[in-house]
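Here is the structure we will look at.
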Amino acid sequence: MDKIWKSNLVYKALAVLLAVLLWFYVNPYSEKVFTVNVAYQNLKEGMIVVSEPQKVDVKVRGTSSVLDMLSSEEIKAYVNLDKAEIGEGSFIVEAAIPPEVVPVSIRPSYLNLQLDEIKEKQLPVRVITQGVVAAGYSHFEPVLEPSTVVVRGASQLLTDLDTALVTINLDQAKDNLVLNPPVTLLTKDGKIVTDKFEVSPKNIQVFIPVTENTHNKTVSITPNIQGQPQEGYRVSRVVLDPETVKITGSYDVLSLIYQVNTAPIDITGITENYSTQVAIVPPEGANLLYEPVVKVLVQIEAVAVTKVIEDVPVSVVNLVEGKQAVLTPDKVSLTIKGPREQIAAISKIAVKAYVDVAELESGTHKLEVKADIPDGLQLIKIEPSMVEVSINEKDNKLED
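Here's what the structure looks like:
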């Protein structure tokens, strides 16, 4: 029995060995190279990799069946930049691969990368038009919203930026064009480098007026102010942006138009500057060439009022020791002007009237009265403006 068992055991071992050899024969180990993009990990905030995108060859070993099923998307190559500094540096390339295969090599195993600081730059937007409008029509200067863009990217690349532009195709247009083309960035030598930067906004709204060939005229815009500010305040100035607008129409109609009005602007009860955006009302028989809106800033200021402060004592300054002065009269009235709240709160003790007798000899003199008043107020009048000053020696005799 033992002989039979031992004989079977030998056969079983040989069968297993044969199966393994047959499996390796049918499904042998082999190697395969995958070309993959290199990702940058753990890059510090405020830094950017300036170097062009990099690829590496990752060689792995595995069975033929596994390698045949493996795709390059499953192979990840990366560089850890957690210790990187601004400037050029050499960094080891690492790979993450599925567990069914083993890594053999990465070529190249190191990458030289240029890192830079992220900065921002504001650029004006320029419009390039292509094509022409329809025959018998004209187009006018484009209006951009916004007219500038903010570009964010590597500081050394920002210095080479020259222009942000958008391209508009007029394409036989007969009506106004309102488009949102993407922004393109150009270097000083004309290269397109938009993909190297973040642009905000990425698209610009462009309005190009297109009109049939008629007469046009530039006229002023008049704000239609409604209501009054709160009592004690007044409108000091109204600022419009733009201040003029171009209108189109027949010669006879345009010859009678010198201004256009805005929609009503209600300022009832306001006490501070007020800004808004309102429509422009087209005049009868004419059309507005550009967008019919205007920015309005209504500037408000406190109304100045006047007040007369009676019986303000007149003091004497710079009187020589041992002398005395007698004033006739010795009190005056001050007329002052200023904001209503400040004027209402002022009292006699807040002001000072005086005459300066410096270097004057004994005798009678006519002197101008001067006054000190709080900041923010204006002195309008001193009544009387001159007083009589009699200067004499003090009587130093002691009374019994």
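For the working numbering, count along the sequence shown from 1 and bump the result up by 64.
In this text, a Cβ means the ideal position worked out from N, Cα and C, and glycines have one as well.
Hey, how far is the Cα of residue i from the Cα of residue j?
i      : j      : result
ALA417 : GLU425 : 22 Å
LYS458 : VAL376 : 25 Å
VAL257 : VAL213 : 15 Å
PRO347 : ILE321 : 8 Å
VAL196 : ALA237 : 8 Å
LYS147 : ILE156 : 12 Å
LYS395 : THR428 : 18 Å
SER397 : ILE285 : 47 Å
TRP87  : PRO167 : Residue placement at TRP87 is flagged as unreliable, the pLDDT there being 47, under the threshold of 50; the coordinate-derived value follows with that caveat. Distance between the alpha carbons of TRP87 and PRO167 is about 22 Å.
LYS445 : LYS371 : 10 Å
VAL283 : ILE311 : 7 Å
LYS96  : PRO162 : 14 Å
PRO438 : ALA414 : 7 Å
ASP224 : THR251 : 6 Å
SER173 : VAL100 : 13 Å
Let's see if you can read the secondary structure: which residues bound the alpha helix (DSSP H) around residue i?
i      : result
ALA409 : 404-409
SER219 : 219-222
LEU318 : 315-318
With distances taken from CA atoms, which of the options is nearest residue i?
i      : options                           : result
VAL215 : LYS401, ILE329, PHE261 and SER154 : PHE261
SER211 : SER202, GLN186, ASP226 and GLY200 : GLN186
LYS119 : ILE112, ALA103 and MET111         : ALA103
ALA366 : ILE170, GLN294, VAL263 and SER264 : GLN294
ILE112 : VAL197, LEU145 and VAL372         : LEU145
ASP235 : ALA422, GLN194, SER94 and SER264  : GLN194
VAL189 : GLY200, LEU177, PRO206 and LEU179 : PRO206
GLU181 : ILE232, VAL191, GLN341 and GLY151 : GLY151
ALA389 : ALA327, ILE331, GLU452 and ASP305 : GLU452
GLU149 : ASN106, LEU222, VAL384 and VAL317 : ASN106
PRO328 : LEU318, ASP316, SER319 and VAL342 : VAL342
GLU336 : GLN292, GLY313 and GLU355         : GLN292
PRO448 : THR399, SER219 and PRO287         : THR399
SER169 : PRO265, MET133 and ILE139         : ILE139
ILE268 : GLU184, ASN176, ASN244 and THR231 : ASN244
PRO273 : GLY153, PRO92, LEU222 and ASN351  : ASN351
ASP132 : GLU184, SER411, PHE98 and ASP305  : PHE98
So what does DSSP say about residue i, is it helix, strand or coil?
i      : result
GLU137 : helix
ASP132 : helix
ILE444 : strand
ASP375 : strand
ALA350 : coil
TYR331 : Checking the displayed sequence, the identity of residue 331 turns out to be Ile instead of Tyr. DSSP places ILE331 in coil when its eight states are reduced to three.
ILE161 : coil
LYS108 : coil
LEU458 : Just to set this straight, residue 458 is Lys in the shown sequence, not Leu. Of the three classes helix, strand and coil, the one that applies to LYS458 here is coil, per DSSP.
LYS412 : helix
ASN337 : coil
GLU355 : coil
ASP239 : coil
GLN323 : strand
VAL384 : coil
LYS147 : coil
LEU424 : coil
GLN269 : strand
Span of the beta strand (DSSP E) holding residue i?
i      : result
PRO287 : 279-290
VAL257 : No beta strand (DSSP E) holds VAL257; DSSP gives it neither H nor E.
SER202 : 201-203
SER449 : Counting along the chain, SER449 falls outside any beta strand (DSSP E), and DSSP gives it neither H nor E.
VAL274 : 274-276
PRO188 : 174-194
ASP439 : Taken as a continuous stretch (DSSP letters only), ASP439 belongs to no beta strand (DSSP E), as it is neither H nor E.
ILE232 : 225-233
GLN388 : 387-392
LEU250 : 248-251
VAL18  : Any question about residue 18 goes unanswered here, given that the chain covers just 65 to 464.
Step through the CB atoms of chain C and report whether any lies within less than 7 Å of the CB of residue i.
i      : result
GLU457 : The displayed structure is made up of one protein chain only, and chain C is not part of it.
When every heavy atom of the ligand ATP is checked, does at least one fall within less than 6 Å of the C-beta of residue i?
i      : result
GLN178 : In terms of ligand content, the structure shown is empty, and the ligand ATP therefore cannot be addressed.
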